[in-house]
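Chemist: Pasting in a structure now, in structure tokens, and then I'll have a few things to ask.
Chains as they are written, first to last, in our numbering: chain X, 26 to 148; chain Z, 553 to 1887.
Here it is in structure tokens:
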């Protein structure tokens, strides 16, 4: 069965491109342009992993991950952000995230992100 | 020689022939002699004569043979024989007959000339002729033969001829044969000789051509042969001048040493034996051209003769060196020998004297002969055995001296006369090897005289102490200040019973030795005032309470600077007791006798010998007791004969003498006495007891006394001295007029008053009381005393006090003659003070005060000369200052002296001197020439000051000036000092780059045209005396813009204000400042960028991802792509080919690349805005460098592009550096940046052959830890070095760098870490970046 991948990013062009990429890798991509919607979805549905932008309208990516992790303990995520100086906060670290889970835009080689996700999902 | 040999051989070979001829001749001779005898017997005398002729010829022949002329002799024999034969026939048959024989004879002889066969022909022919002649004769056809021949005659003769021919032939043949043999031998030998000669000539040429002179001499030293070198050496014309001359004849001009004499030669020969070689030295030539030769003699035996080959070697040069050396040594020896001191060199390791100069002989009285041959080693024997340890012990420790060896000591040496002399020695290190002192050089100066004096002082001290100790009289020394005993002697111990140790430190009172304590106090006072007490009778108590009557004498002395009392106490107790006993015994009988006011004497009855006499009587006699006792009155001429008889008569008739008045004259004194006498039996003898009452005075007193008193009174009244008379209660009974004059008291005021009431100070009263007490014992004395003037002040008097003795002999008071000595005392005091003052000044002055004679010799020097120049004043007395002045200042000193000689003014001269210990000191002498009343120079008074310190300070000052100059000149800032009139005064080296080279130009603006830009400021400074500043930018010659800062400060110079102009090139600083400004700008931009980064990164992400997606979606691998393409009727391969051919992949790649770079810029710009929100941690710089280096090692880009591993990375980490607070990732970024720049720079420099090297270094200075990244790349050109930290400034190719690396590094280091980053680069050598992080 295809893994379910949530993509949370307010940039729809980017979202589109990510979807195209991961669909080719046989992921089931569900996209959100804000965190609130995505959180709603996570609370009601199962998903395998999420690619989250940090800067989002309203709730930030960080808050989203923390909250999602509280609600569904199996929730996993990687951060994909344009903020070059972001560091893992302790709260994020509590959700099981490490600095390896942070990817800076623009990512020169998407395969790195893919590899990380596969590792996290034990594929 | 060979010829001799040759002849010998020839003779040996001829020997046989010789012998034959010899014997044959001898035989014939004998035959002839016998013939002569025969004829003598036959009495044919005629024949004897002719035979004798032939015999004598034969004899000659024999002699010839004997003389080895064998051939000649042989022929002579033959001729003689033939002649004889001819003669015989002549005698027999006349001439014709003789002729008959002559012809064949001649033929035979002629035949001898020919070889054998021809000879026989001749012989045969001769016989034929004889036969023919014979036949002719027989026939008688021949010329008138007297006796015709018979056939037998002919036969006879023919036979004779034949036989003789054969004989001759055999004889001559033998000779010939022998001669031929000899000739062959000769030839043979000649060949041999030639051979020998050839080899001889070879040796000959060796001999002749040898460079050294070679001579052959025979046993008598005659020169047989010599070579050419000899000829040259002896400077003669040819060999002939040398050969056959005595070798010794060349010694005419020889020097005395090395003479070769026959005797010497004989000695050589003896020593040589048969085969050895002997070498001697010889000198040729005269003084200026001496040549030294080493001659060897080699024995060459030859036959029974001996020759000597003499080989000469010219050793002149060697000798000259040797002689020079000798002379030098001699010179040094002479110098040391002439030294008045003993000089020696001592090997301290072996403790042996290596050298001692011979002057030791002079100093110690040894003659050369007295000194042992191995004097040096036996010198030690001269040292006094007690002192030798001084020597050896000291030298034992020499190793510890480490070359600072200097030794001063004194010891004794034995003089020739057996006395010991003292020497003061100084030693200094002489030779040193392997850091050890090997030998020392010592100088010994005779200090016996000084020692003698010291000894004498010691001795006298010893003597005193001995005398003190062993004196039979008790002596004690008491300190004045506290009365405590300092020392007592043995007699004191026995006298008092106290031990010395018990006594010392206590006082007399404590011991209780005074019977009457007051007496002790009293005596003490007397000594205090009069300095001494003499023969005072006192009573002492000993330890056991026994009283001792003693004679007490004490004196005030100074001992070790303390005032002391030396008391001599003579115990006279026993004596006193005896006296007392006697007195007591006599009391019974003689008390009256003794104490009677009348003259009493006892004489024997018969002889009138005086047995006893009392004092009063003695007074009359004017004699002493001993002179009187035992003498008769007659002898004493006591009374006249008449008067004596009168007394005797009265005694005999009346039994007594009862008041006979008589006049007694003694010593010109006439006295009248009343004589009483009686017979007295004493000790079984009859004596006369005679009493004489002197009534002279009674008779004479009444008027004489009056006259005398008048005389004295007048005298006293008019005396220059005050006179005071007191009674026994010390009340004034008389004063003279002078008393009033001197002391102001009217006689009437004071008569009857006690002197203590007005005249004396209370504290003196006791003394005077006691003194006047002594008057009662008729003591005269003198003392000084201060007396009170009527007006209340005190005057000093010298008082001569005497008792007033009444005619009765009783003392009725004292009389004092008082001389006012106040003024004298004052004068003395003043003199003393002024003398003391001078002495104190001189003695305590830190400067040397000296008095010199007019020719400069010291008469007096203050003791400070020891502390300043190390000499004691005694050492310099008699010397002139030249003694210690350094030679180079001598002339200056003498000049100054002679210039000032006639003037009176002070003059000062400064010079350098050498102190006794060798120190250099600077002295300044100020002198004045003192003149006497005739105005001619008398003496020089000089004050000499040690100004070494001052001189040193001057030197320091010089140093300081030099230092200032050095600092000035090493400053990068130009400094120009200008006078008020704008002429240049001084400028430093940094100013040179602004200076124009104009000769003789002094004007500021001409010399430094650059200053024209601040002309007004300079003028302003000078006018207003105010500092001004100006910052100007000026284009230099190469057109570069320079920023110059001018600071113009006023400076006072000799009351006028000029200025100092300071030019600081701040271009670099300015550039950095600009960079800072730019950085600030960048930061604000960066702040903006931070906000924008996210927004830009998102679209960039889209682009990058989009590009990746495009590539993926045309990939031939992806099944979806294959499927989709196939569905559209296209093969994916075709699409891929299309993309390839149309270079779409490259387009996409370029887009990806551009996006990545944009992202990079954004990332870097964010760094500017970062407010260090990241964590600073304590981190070691070493770990930082290691980590970064590791990072570079694994960096993909580095590996790929630069082959980082091939770069030689040297790590020089200083250990123990502190950790630094830093943001590790940022610092990593900085260091990584620097490494990358270095690698890139070196890669661009691949043309050079250097091995690319990076040095990572950590260092520490006071406040910072420094990180250095150094490469050996091409270096940074000067033009751009100031811009490298500018943002977006890059020299790299487009795409290789952002131009932000160094500016970001700059920001990280300076803003985030408060550190510094600097660059140091040299073109062609490399670049070094230095990061300083604060500790």
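We put the beta carbon where it would ideally sit given N, CA and C, even for glycine. Computed from a prediction, not measured in an experiment: that's the story for all the values here.
Note the first and the last residue of the continuous alpha helix (DSSP H) segment covering residue 865 (chain Z).
Modeler: Indexing the second chain from 1 puts residue 865 (chain Z) at position 313. Counting along the chain, residue 865 (chain Z) falls outside any alpha helix (DSSP H), though it belongs to the beta strand (DSSP E) covering 857-866.
Chemist: Do we get a CB-CB distance below 8 Å when we pair residue 1654 (chain Z) with the residues of chain X?
Modeler: Along the second chain, one-based indexing puts residue 1654 (chain Z) at 1102. Interface flag for residue 1654 (chain Z) against chain X is set, since a Cβ pair is found closer than 8 Å.
Chemist: How many Å lie between residue 1680 (chain Z) and residue 68 (chain X) at the Cα?
Modeler: Your numbering for residue 1680 (chain Z) matches position 1128 in the second chain. Your numbering for residue 68 (chain X) matches position 43 in the first chain. The alpha-carbon atoms of residue 1680 (chain Z) and residue 68 (chain X) are separated by roughly 42 Å.
Chemist: Kindly confirm or deny that the region 1086-1097 of chain Z and the region 1336-1353 of chain Z touch, where touching means at least three C-beta pairs closer than 8 Å.
Modeler: no
Chemist: Among Z:1189, Z:782, Z:1792 and Z:1549, whose alpha-carbon lies nearest the alpha-carbon of residue 862 (chain Z)?
Modeler: Here residue 862 (chain Z) refers to the residue found at position 310 when the second chain is read from its first residue. The shortest C-alpha separation from residue 862 (chain Z) is found at Z:782.
Chemist: For residue 897 (chain Z), report the span of its beta strand (DSSP E) as first-last.
Modeler: Position 345 of the second chain, counting from 1, holds the residue named residue 897 (chain Z). Looking at the DSSP string, the run of the beta strand (DSSP E) that includes residue 897 (chain Z) is 894-899.
Chemist: Helix, strand or coil, according to DSSP, for residue 1523 (chain Z) in the structure here?
Modeler: Here residue 1523 (chain Z) refers to the residue found at position 971 of the second chain. In this structure, residue 1523 (chain Z) counts as coil in the three-state DSSP scheme.
Chemist: Residue 1658 (chain Z) versus chain X: which residues are under 7 Å apart at the beta carbon?
Modeler: Indexing the second chain from 1 puts residue 1658 (chain Z) at position 1106. Going along chain X in sequence order, the residues near residue 1658 (chain Z) (Cβ under 7 Å) are 42.
Chemist: Identify, in the order they occur along the chain, each residue of the same chain with its Cβ nearer than 8 Å to the Cβ of residue 1562 (chain Z), setting aside the five sequence neighbours on each side.
Modeler: As a working mapping, residue 1562 (chain Z) is identified with position 1010 in the second chain. Within the same chain, residue 1562 (chain Z) has close Cβ partners 1546, 1586, 1596 and 1615.
Chemist: What do you reckon, are the CB atoms on residue 131 (chain X) and residue 1885 (chain Z) nearer than 8 Å?
Modeler: Here residue 131 (chain X) is taken as the residue at index 106 of the first chain, counted from 1. Here residue 1885 (chain Z) is taken as the residue at index 1333 of the second chain, counted from 1. Taking 8 Å as the Cβ cut-off, residue 131 (chain X) and residue 1885 (chain Z) do not qualify as a contacting pair.
Chemist: Should residue 131 (chain X) be flagged as near chain Z, meaning a C-beta pair shorter than 8 Å?
Modeler: If you number the first chain from 1, residue 131 (chain X) lands on position 106. Yes, because at least one Cβ of chain Z sits closer than 8 Å to the Cβ of residue 131 (chain X).
Chemist: Does DSSP put residue 1417 (chain Z) in a helix, a strand or coil?
Modeler: Reading the second chain from its first residue, position 865 is the one you call residue 1417 (chain Z). It is helical.
Chemist: Between residue 47 (chain X) and chain Z, is there a C-beta pair that is closer than 8 Å?
Modeler: Counting from one through the first chain, the residue named residue 47 (chain X) turns up at place 22. Residue 47 (chain X) is outside the set of residues whose beta carbon lies under 8 Å from a beta carbon in chain Z.
Chemist: DSSP three-state label for residue 1362 (chain Z), please.
Modeler: Residue numbering aside, residue 1362 (chain Z) sits at position 810 when the second chain is read from its first letter. Note: residue 1362 (chain Z) maps to coil in three-state DSSP.
Chemist: What does the alpha-carbon distance come out to for the pair residue 610 (chain Z) and residue 790 (chain Z)?
Modeler: Counting from one through the second chain, the residue named residue 610 (chain Z) turns up at place 58. Counting from one through the second chain, the residue named residue 790 (chain Z) turns up at place 238. Per the coordinates, the alpha-carbon of residue 610 (chain Z) lies some 53 Å from the alpha-carbon of residue 790 (chain Z).
Chemist: Hey, out of Z:1598, Z:1588 and Z:1593, whose CA is closest to residue 1580 (chain Z)'s CA?
Modeler: Position 1028 of the second chain holds residue 1580 (chain Z). Of the candidates Z:1598, Z:1588 and Z:1593, the one whose C-alpha sits nearest the C-alpha of residue 1580 (chain Z) is Z:1598.
Chemist: Note down, in chain order, every chain Z residue with its Cβ under 7 Å from the Cβ of residue 80 (chain X).
Modeler: Position 55 of the first chain, counting from 1, holds the residue named residue 80 (chain X). Within chain Z, the residues near residue 80 (chain X) are 1646.
Chemist: Give me, in chain order, the residues of the same chain whose beta-carbon lies closer than 6 Å to that of residue 1804 (chain Z); leave out the 5 immediate sequence neighbours on both sides.
Modeler: For the purposes of this step, residue 1804 (chain Z) is identified with residue 1252 of the second chain, where counting begins at 1. 1759 and 1794, listed in sequence order.
Chemist: Going by beta carbon distance, what residues of the same chain come within less than 6 Å of residue 1303 (chain Z), once the five residues before and after it are set aside?
Modeler: On the second chain, position 751 is the one that residue 1303 (chain Z) refers to. Around residue 1303 (chain Z): 1284.
Chemist: Should residue 1650 (chain Z) be flagged as near chain X, meaning a C-beta pair shorter than 8 Å?
Modeler: Against the second chain, residue 1650 (chain Z) aligns to sequence position 1098. Chain X contact via Cβ: present.
Chemist: To the nearest angstrom, how far is it from the Cα of residue 1356 (chain Z) to the Cα of residue 1182 (chain Z)?
Modeler: Here residue 1356 (chain Z) refers to the residue found at position 804 when the second chain is read from its first residue. Here residue 1182 (chain Z) refers to the residue found at position 630 when the second chain is read from its first residue. Cα to Cα, the separation comes out at about 35 Å.
Chemist: Can you tell me which residues form a DSSP beta bridge with residue 1472 (chain Z)?
Modeler: As a working note, residue 1472 (chain Z) is residue 920 in the second chain. Beta-bridge pairing links residue 1472 (chain Z) to Z:1466.
Chemist: Which chain X residues are close to residue 1711 (chain Z), counting only those with a beta carbon under 7 Å from its beta carbon?
Modeler: The residue given as residue 1711 (chain Z) occupies position 1159 in the second chain. Within chain X, the residues near residue 1711 (chain Z) are 131.
Chemist: Skipping 5 residues on each side, what residues in its chain have a beta carbon closer than 7 Å to that of residue 616 (chain Z)?
Modeler: Taking the second chain and counting its residues from 1, the one referred to as residue 616 (chain Z) is at position 64. 624, 625 and 628, listed in sequence order.
Chemist: Along the region 1687-1709 of chain Z, where does the CB come closer than 9 Å to a CB of chain X? Name the residues.
Modeler: Going along the region 1687-1709 of chain Z in chain order, one finds 1704, 1707 and 1708 with a Cβ nearer than 9 Å to chain X.
Chemist: Kindly say whether residue 38 (chain X), judged by its beta-carbon, lies nearer than 8 Å to any beta-carbon of chain Z.
Modeler: Translated into the one-based positions of the first chain, residue 38 (chain X) becomes position 13. So, interface residue.
Chemist: Quick one: does residue 142 (chain X) have its CB under 8 Å from some CB of chain Z?
Modeler: Stepping through the first chain from its first residue, residue 142 (chain X) is reached at position 117. Cβ-Cβ to chain Z under 8 Å: no for residue 142 (chain X).
Chemist: Tell me, which residues are paired with residue 1880 (chain Z) by DSSP?
Modeler: To locate residue 1880 (chain Z), count along the second chain from 1; it is residue 1328. According to DSSP, residue 1880 (chain Z) bridges with Z:1822 and Z:1872.
Chemist: Would you mind stating whether residue 146 (chain X) and residue 73 (chain X) have Cβ atoms separated by less than 8 Å?
Modeler: Taking the first residue of the first chain as position 1, residue 146 (chain X) is located at position 121. Taking the first residue of the first chain as position 1, residue 73 (chain X) is located at position 48. Yes. Within cutoff.
Chemist: Take residue 1052 (chain Z) and list the residues in its own chain whose beta-carbon comes closer than 7 Å to its own, dropping the five residues that flank it on each side.
Modeler: Taking the first residue of the second chain as position 1, residue 1052 (chain Z) is located at position 500. 1040 and 1045, listed in sequence order.
Chemist: For residue 1254 (chain Z) and residue 1245 (chain Z), what's the separation of their Cα atoms in angstroms?
Modeler: To locate residue 1254 (chain Z), count along the second chain from 1; it is residue 702. To locate residue 1245 (chain Z), count along the second chain from 1; it is residue 693. Any reading at residue 1254 (chain Z) is ruled out, since the residue's pLDDT is 48, under 50, leaving its predicted position unreliable.
Chemist: Contact check, residue 591 (chain Z) vs residue 605 (chain Z) under 8 Å by CB: the rounded distance?
Modeler: By one-based count along the second chain, residue 591 (chain Z) stands at place 39. By one-based count along the second chain, residue 605 (chain Z) stands at place 53. Not really, about 13 Å apart at Cβ, beyond 8 Å.
Chemist: Please report the straight-line C-alpha distance between residue 760 (chain Z) and residue 785 (chain Z), rounded to a whole angstrom.
Modeler: Looking up residue 760 (chain Z) in the second chain gives position 208. Looking up residue 785 (chain Z) in the second chain gives position 233. Distance between the alpha carbons of residue 760 (chain Z) and residue 785 (chain Z): 13 Å.
Chemist: In three-state DSSP terms, what is residue 1596 (chain Z)?
Modeler: The residue labelled residue 1596 (chain Z) in the question sits at position 1044 within the second chain. It is a strand residue.
Chemist: At the level of alpha carbons, what is the spacing between residue 40 (chain X) and residue 56 (chain X)?
Modeler: Walking along the first chain from the start, residue 40 (chain X) turns up at place 15. Walking along the first chain from the start, residue 56 (chain X) turns up at place 31. Residue 40 (chain X) and residue 56 (chain X): Cα-Cα distance of roughly 7 Å.
Chemist: Taking DSSP as the reference, what is the three-state secondary structure of residue 1724 (chain Z)?
Modeler: Walking along the second chain from the start, residue 1724 (chain Z) turns up at place 1172. Residue placement at residue 1724 (chain Z) is flagged as unreliable, the pLDDT there being 48, under the threshold of 50; the coordinate-derived value follows with that caveat. DSSP places residue 1724 (chain Z) in coil when its eight states are reduced to three.
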